[in-house]
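Mapped onto the working numbering, the consecutive letters of the sequence shown carry residue numbers 927 to 1082.
We treat Cβ as the ideally placed atom computed from N, Cα and C, and that holds for glycine.
What follows is a set of notes on a single structure, which appears directly below.
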Amino acid sequence: MALKFKTELLDDVATVEFGGRLSQACEQACCIFLYGDLGAGKTTLTRGFIQGLGHTGNVKSPTYTLVEPYELANWQVNHFDLYRLGDPEELEFMGIRDYFSERSHCLIEWPDKGEGILPQADLSVTLTYVANHRTVEVIALSPLGEDVVEKLSQNV
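See the structure below:
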C-alpha cells in the first residue's frame, strides 16, 4: 500500500504554505504530478513550493508556454501545465527529457495529457474542493516519494 498524507487547506495562504512545506520535504530531485479541477489550487501550491526554495519573484501559470523554469541557488524547478497540450508527442519536440535532472524538481499539472512520454512520478498530489476549503492528498509513488510523505507526516 502506498504511503499517503492528507490535510485540509483553509485558503490560498494555507495552500502556499503547504507548497513550501512540500518543497522542504523534497531533499532530492522530485517529479510531482499535480491533479485537481481547474482552479483547484495547483499553481498556488506550486507557487509555495518555488517560494519555499527561495524564489522571490512572481510565479505564473505556464498554461500557454507549457513550462516555466525557475533557476534557484540550489535547484532548477520546472513548472509544467499540460492542459492545452494537443498530443503527448509535442513534449518530445520541446525536449522534455532535458528538464529532468539530479538537481531539478518538476511539478506537472494535467500529467495525464503527457502519458507515455513523462517519466514516473515520485508523488501524486491531488487538490480537491470541499465546501469552502481544499483538501490535499499526497501519495508516494517511489521510494523517494515515501521519504517525502514520511517527512510531511512528521511535521503535522
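Secondary structure of R1060 (DSSP, three-state): strand.
The three-state secondary structure of T989, taken from DSSP, is coil. Taking a 10 Å sphere around the C-beta of N1000, we find fewer than 16 other C-beta atoms and assign the residue as exposed.
Here DSSP, grouped into helix, strand and coil, assigns Q1080 to helix.
Rounded to the nearest whole angstrom, the C-alpha separation of S1030 and E994 is 13 Å. Distances from the CA of Y961 to each of P1014, L1053, V985 were compared; the closest alpha carbon is that of L1053. With a cutoff of 8 Å on beta-carbon distance, C952 and A1047 are scored as not near each other.
Judged by DSSP secondary structure, K1039 falls outside any alpha helix (DSSP H); it is assigned neither H nor E.
Distance between T941 and E1018, taken at the CA atoms: about 32 Å.
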